[in-house]
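K.L.:
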Amino acid sequence: MIADVRALAASNPVVLIDGRSGAGKTTLARTLVERWPIAGRVQLIALDSLYPGWDGLEEGVSRALDGILRPHGRGCLGSWQRWDWGAGTEAETHAVDPALGVIVEGSGILTPATAAIADVAIWLESGESGRKTRALRRDGDTYRPHWDRWAAQEQDHIVLDDPRGLATRVVEVP
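When the letters of the sequence shown are read in order and numbered with the working numbering, they come out as residues 293 to 466.
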């Protein structure tokens with residue numbers, strides 16, 4: 293995938309990484325940051341920091357589109373507010389520099405609107421048992437009671453947006 297970024301020869305590419313919970317989006321995003329062609333020239337934004345609670349997949353994506361991706365695509369400073377999961381409210385605001393590349397990773401990020409802005413769009417495909425094992429190992433009892441309601445939002449996204457079909461690269465994860 294780094295080859296995909298290098299091939300763009302762009303100073304500020306947009307990379308989107310989508311997949312269901314536990315598919316490995318965060319791991320892949322961190323690997324891309326570590327291997328970015330020019331160290332320090334990319335911003336990583338996790339939608340987990342934008343979703344407004346357990347029922348907020350669609351709203352988190354909307355916030356990323358309006359606050360990060362559209363401004364970045366116009367060469368304008370973008371911003372996003374972190375969601376404080378403990379307090380159940382918005383927290384501090386973060387700036388997004390349009391001169392730098394940006395990786396946005398999270399369930400739901402590949403939609404027709406976001407894919408039109410992306411230079412590289414990645415869909416991670418992984419079976420439910422492996423994903424669930426990884427997600428619950430990562431987040432444990434915090435996530436367990438919310439697995440089904442989050443999975444339903446992911447399924448709605450898959451049916452509505454066909455993120456796999458929008459992807460420029462599909463990665464199979466065991």
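Glycine included, each C-beta is placed from N, C-alpha and C at the ideal position.
Could you work out which residue in I330, V334, R333 and W377 is closest to W346 when comparing CA atoms only?
P.N.:
W377
K.L.:
Let me check understanding here. Comparing Cα to Cα, which of G352, L336, P437 and C368 lies closest to Y343?
P.N.:
G352
K.L.:
Any idea if S313 is buried or exposed, counting beta-carbon neighbours within 10 angstroms, 16 or more meaning buried?
P.N.:
Buried, because 16 or more other Cβ atoms sit within 10 Å of the Cβ of S313.
K.L.:
Taking a contact to mean a Cβ-Cβ separation below 8 Å, would you say L324 touches V396 in this structure?
P.N.:
no
K.L.:
Just the Cα atoms here: how many angstroms apart are R426 and S418?
P.N.:
11 Å
K.L.:
What's the gap between the Cα of A444 and the Cα of K317?
P.N.:
18 Å
K.L.:
With distances taken between CB atoms, is the gap from A411 to P305 smaller than 8 Å?
P.N.:
Per the sequence shown, the amino acid found at residue 411 is Asp instead of Ala. Closer than 8 Å, so yes.
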